[in-house]
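Data block below; observations after.
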Amino acid sequence: MSEEIRSIHSGEKLEPPRSHTKYSVHKLPSKKSASKVQSVSSLVCRICHTNTVNEGLISPCNCKGSLAYVHLSCLERWLNQSSRSYCELCMYRYSAIETKRYKLCEGIRLWIKHPRNMRQFKSDLVIAALLTLVTAGLVASSLFGMEYFVIEGSKVGLQRKWIRLAICIFLFIVMVGYIITMYLIARDQLLPWYRWWTRTVDIRLLLPPSVCMKMLVKKREGSAQV
Numbered sequence: 449m450s451e452e453i454r455s456i457h458s459g460e461k462l463e464p465p466r467s468h469t470k471y472s473v474h475k476l477p478s479k480k481s482a483s484k485v486q487s488v489s490s491l492v493c494r495i496c497h498t499n500t501v502n503e504g505l506i507s508p509c510n511c512k513g514s515l516a517y518v519h520l521s522c523l524e525r526w527l528n529q530s531s532r533s534y535c536e537l538c539m540y541r542y543s544a545i546e547t548k549r550y551k552l553c554e555g556i557r558l559w560i561k562h563p564r565n566m567r568q569f570k571s572d573l574v575i576a577a578l579l580t581l582v583t584a585g586l587v588a589s590s591l592f593g594m595e596y597f598v599i600e601g602s603k604v605g606l607q608r609k610w611i612r613l614a615i616c617i618f619l620f621i622v623m624v625g626y627i628i629t630m631y632l633i634a635r636d637q638l639l640p641w642y643r644w645w646t647r648t649v650d651i652r653l654l655l656p657p658s659v660c661m662k663m664l665v666k667k668r669e670g671s672a673q674v
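In this note's numbering, the protein residues as written are 449 to 674.
Now the structure itself:
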């Protein structure tokens with residue numbers, strides 16, 4: 449303090465302390481903000497790998513990072529092709545409306561027209577026709593020949609009621625076997641078709657109103673730029 453007073457009286461010019469000097473510093477963007485800006489500008493759809501101007505990106509599931517963003521049209525097309533209503537990565541189930549793609553008659557026609565299904569259908573149809581002819585022949589021969597079997601059985605000492613009972617049991621076994629076989633053939637044909645028909649649906653996603661508004665604004669901005 450005394451040295452400063454002496455210097456003032458002597459006319460010497462004092463320099464301010466270094467701790468009070470002011471520096472003009474230009475604030476540079478941090479690495480975090482720079483990476484954030486770069487990542488936002490490089491976001492693309494995880495399906496088509498583009499970022500179109502007319503359609504904005506949405507994040508409809510629980511996926512994180514670059515896999516979280518997708519176009520609505522791309523996602524709906526992918527879900528319709530895979531016949532799924534959930535994300536195959538995070539298993540998030542979307543809020544969607546599912547409608548059958550084909551009507552009953554159209555679904556049966558398309559299923560049968562497939563080459564693999566056509567071959568199986570023809571083979572099962574031939575088996576069913578032959579089995580029906582054999583069963584009809586056995587039933588007809590048993591019914592029309594019942595009197596003949598009764599007469600021949602009575603010659604060897606068998607009673608009429610036991611002969612007729614044996615023929616009825618035989619016919620019952622034949623009919624049960626025929627019905628079971630036809631049921632198995634029909635099941636092998638109908639179950640795969642029914643699974644395919646019920647799973648082949650058109651999926652339309654239901655988005656929140658806020659997301660729909662953002663997509664509409666994005667579309668208008670893109671059309672204005674064009």
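A virtual CB, placed ideally from N, CA and C, is assigned to each residue, including glycine. Remember, predicted model here, so these are calculated numbers, not experimental data.
Going by alpha carbons, who is nearest to residue i out of the options?
| i | options | result |
| --- | --- | --- |
| D636 | Q529, G593, F618 and N565 | N565 |
| Y439 | T498, C493, V587 and G585 | Not covered by the structure: residue 439. The range shown for the chain is 449 to 674. |
| Q529 | L654, W644 and L655 | W644 |
| L675 | C509, C496, I495 and E503 | Since the first and last residues shown for the chain are 449 and 674, residue 675 lies out of range. |
| T646 | L581, C496 and Y550 | Y550 |
| G585 | V649, V622 and C535 | V622 |
| T583 | S533, T629, C535 and L639 | T629 |
Along the alpha helix (DSSP H) that carries residue i, what are the first and last residues, could you check?
| i | result |
| --- | --- |
| R652 | From DSSP, R652 is part of no alpha helix (DSSP H) but of the beta strand (DSSP E) over V649 to L653. |
| A588 | P563 to F592 |
| S530 | L520 to S530 |
Below 7 angstroms CB to CB, which residues in the same chain sit around residue i once its five sequence neighbours on both sides are set aside?
| i | result |
| --- | --- |
| R652 | E524, A544 and I545 |
| I575 | I633 |
| L515 | R494 and L537 |
| C522 | C493, I495 and C496 |
| S531 | R647, T648 and V649 |
Please confirm whether residue i has its beta-carbon closer than 8 angstroms to some beta-carbon of chain B.
| i | result |
| --- | --- |
| H497 | No chain B is part of this structure, which consists of one protein chain only. |
Which same chain residues end up closer than 8 angstroms to residue i when comparing Cβ atoms and leaving out the 5 residues on each side of it in sequence?
| i | result |
| --- | --- |
| N499 | L491, V492, C493 and L505 |
| K512 | none |
| D572 | I633, D636 and Q637 |
Ordered along the chain, which non-local residues of its own chain (more than five positions away) have a Cβ less than 6 angstroms from that of residue i?
| i | result |
| --- | --- |
| W641 | W559 |
| I615 | S590 and M594 |
Counting along the chain, where does the beta strand (DSSP E) carrying residue i start and finish?
| i | result |
| --- | --- |
| E546 | A544 to K548 |
So residue i packs on residue j, CB below 8 angstroms; how close in whole Å?
| i | j | result |
| --- | --- | --- |
| L579 | Y626 | 6 angstroms |
| L520 | E503 | 7 angstroms |
| L619 | V587 | 6 angstroms |
### Task
Please confirm if the region 527 to 545 is in contact with the region 604 to 613, defined as three or more CB-CB distances below 8 angstroms between the two stretches.
no
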